[in-house]
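In full-length UniProt numbering, the protein residues as written are 1 to 141.
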């Protein structure tokens, strides 16, 4: 039993996916239950949160302030969602660049007397507005 508890305390997410990390946690928790030492939801949550890195700190805080303990299944879902959100954030820079290029081309068209050119607006002013909009989009989480 001590060996399994020690293993549980040493499991870290470092360098693995959330699914792999949680499967290791679940396997060790199940082994403890098999030998007659089941853990409560609160204990499982505490051990699981302790093995997470700083990239999950906002979620950790949100879970810690809850009045009722979260089940392992709910924790699993929340951690997978957070991992997906973080992966989307990594590609956000690429998306912003694509939007910026599109906005620049669209505004260049407007500045050359295209359909969107109302009253001969200054093309560089229109271009600046487009990039302001893009930088605003890029900062949205």
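Even glycine gets a Cβ: it sits at the ideal position worked out from N, Cα and C.
Judged by DSSP in its simplified three-state form, residue 25 adopts helix.
Ranked by how close their Cα comes to the Cα of residue 18, the residues 88, 56 and 2 have 56 in first place.
Counting along the chain, no alpha helix (DSSP H) covers residue 35, and no H or E run does either. Rounded to the nearest whole angstrom, the CA to CA distance from residue 89 to residue 83 is 10 Å. DSSP places residue 70 in the coil class of the three-state scheme, outside both helix and strand. Residue 16 sits in coil when the DSSP states are folded into three classes, being neither helix nor strand.
Rounded to the nearest angstrom, the Cβ distance from residue 11 to residue 45 is 14 Å, too far for a contact under 8 Å.
The residue from 22, 47 and 16 with its alpha-carbon nearest to that of residue 6 is 47.
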